[in-house]
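One structure is given here, and the rest of the page talks about it.
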Amino acid sequence: MLKAMLLAIGLLSQLPVARFLSPEDYSQANRQRAVHYFAFTGLFLAAIIGSCSLVISSALPDLAASAIILLLWVLITGALHLDGLADCSDALAAGHRDRASVLTILKSPECGAMAVVALVLQLLLKLAFIHALLSQFHVQLAVAIGCALVCARLWASLYMQTTPYAREQGLGIAGPGRPSTAIIVQCCALLMVSFWWLPAGFTAALFCVQALVFFSWRQLWLNRINGYTGDCVGAMIELQETTILCLFTVYFSPAA
Numbered sequence: 022m023l024k025a026m027l028l029a030i031g032l033l034s035q036l037p038v039a040r041f042l043s044p045e046d047y048s049q050a051n052r053q054r055a056v057h058y059f060a061f062t063g064l065f066l067a068a069i070i071g072s073c074s075l076v077i078s079s080a081l082p083d084l085a086a087s088a089i090i091l092l093l094w095v096l097i098t099g100a101l102h103l104d105g106l107a108d109c110s111d112a113l114a115a116g117h118r119d120r121a122s123v124l125t126i127l128k129s130p131e132c133g134a135m136a137v138v139a140l141v142l143q144l145l146l147k148l149a150f151i152h153a154l155l156s157q158f159h160v161q162l163a164v165a166i167g168c169a170l171v172c173a174r175l176w177a178s179l180y181m182q183t184t185p186y187a188r189e190q191g192l193g194i195a196g197p198g199r200p201s202t203a204i205i206v207q208c209c210a211l212l213m214v215s216f217w218w219l220p221a222g223f224t225a226a227l228f229c230v231q232a233l234v235f236f237s238w239r240q241l242w243l244n245r246i247n248g249y250t251g252d253c254v255g256a257m258i259e260l261q262e263t264t265i266l267c268l269f270t271v272y273f274s275p276a277a
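Numbering-wise, the sequence shown is residues 22 to 277 according to the working numbering.
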């Protein structure tokens, strides 16, 4: 279990855990087990980024603090999910209906205009939501960041557990099948904690919107490539994170 947790951290972040893993630990079977602990990785990242956000927000003006928090977020995750968002944006913008062409674009290292637009808009949205929360509630920002990091990766686990992989080989292979017991237990635990810490109505709305993003994104790529790739997972993590920050901002703003 410990190896699977470390592998999950290594796959989803730039934290130096590789020294604790051997080449054999990166086998397909271990990667499949690591998918069960994506939410744990989110919790681990939340502890780091959330704690740092409280320190940074108390030492810098709101806008500067927001930019530093976002920079820290990108550096720790290694922009891995942003890369997935960029590739998916290019693939969708190309308009190809041929599965092979879409997969080729997803694998291409080149970055098109739509990828640049998507990345700029994504980072601007995150910065705006972080700043909006920071200007009102410093603690609420840490909660929102934690919720975004954990929930987005839990949905990623569910995505990979229930969707066929579109390529014959790759780091994304994890299924398909039904959600594992570990994923179901984590979902239930997260819901219980959310209902304890957050208003029940907000928690229900949060879950419904995230589920809508999940099913819409999953169906989109099932139609395009009959499954998913690692880029699709990374892009969905980014979309879920931004959606959660947006919902926190809307719900806890003074106007609400």
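Ideal Cβ placement from N, Cα and C applies to all residues, glycine included.
Treat the numbers as computed from the prediction; the structure is a model and nothing was measured.
Is it true that the CB of residue j sits closer than 9 Å to the CB of residue i?
i: Gln35; j: Leu106; result: no
i: Leu81; j: Ile89; result: yes
i: Leu155; j: Ser78; result: yes
i: Arg245; j: Val138; result: no
i: Glu45; j: Leu170; result: no
i: Leu91; j: Leu140; result: no
i: Val160; j: Phe269; result: no
i: Thr250; j: Ala153; result: no
i: Trp176; j: Ile258; result: yes
i: Trp94; j: Ile166; result: yes
i: Ser74; j: Leu162; result: yes
i: Leu13; j: Ser87; result: In this structure the chain extends from 22 to 277, so residue 13 is not present and cannot be described.
i: Leu64; j: Asp252; result: no
Could you check how far apart the C-beta atoms of residue i and residue j are, in whole angstroms? I think they sit under 8 Å.
i: Ile151; j: Leu227; result: Rounded, the Cβ-Cβ distance is 17 Å, inconsistent with contact.
i: Met135; j: Asp119; result: That belief does not hold up - the Cβ atoms of Met135 and Asp119 are roughly 18 Å apart, past 8 Å.
i: Thr184; j: Val230; result: Actually they do not touch by this definition, with Cβ atoms about 20 Å apart.
i: Phe235; j: Tyr272; result: 20 Å between Cβ atoms; not a contact.
Measure from the alpha carbon of residue i to the alpha carbon of each residue in the options, then state which is nearest.
i: Ala232; options: Leu23, Phe59, Ala173 and Trp242; result: Ala173
i: Asn51; options: Leu32, Pro37 and Leu66; result: Leu32
i: Asp104; options: Ile70, Gly133, Leu241 and Ser74; result: Gly133
i: Trp242; options: Asp108, Gly167, Ser274 and Ala149; result: Asp108
i: His278; options: Ile126, Leu148 and Leu28; result: For residue 278 there is no data in the structure shown, the boundaries of the chain being 22 and 277.
i: Ala256; options: Ala86, Thr98, Cys168 and Ala121; result: Thr98
i: Asn247; options: Glu189, Ala39, Leu23 and Glu131; result: Glu189
i: Ala67; options: Ala149, Cys168 and Ser43; result: Cys168
Answer with buried or exposed for residue i, where buried requires no fewer than 16 other C-beta atoms within 10 angstroms of its C-beta.
i: Arg54; result: buried
i: Arg239; result: buried
i: Phe59; result: buried
i: Leu142; result: exposed
i: Gln16; result: The chain is shown from 22 up to 277; residue 16 falls before or after that span and cannot be answered.
i: Ser274; result: exposed
i: Phe61; result: buried
i: Ile222; result: Per the sequence presented here, residue 222 reads as Gly, with Ile not at that position. Exposed: under 16 other Cβ atoms inside 10 Å.
i: Ala85; result: exposed
i: Val76; result: exposed
i: Ser129; result: exposed
i: Ala25; result: buried
Length-filtered (3 minimum) beta strand (DSSP E) runs lying within the region 42 to 109: none
Every unbroken alpha helix (DSSP H) inside the region 239 to 267 [4 residues or more]: none
Alpha helix (DSSP H) segments (min. 4 residues) lying fully within the region 124 to 165: 134 to 157
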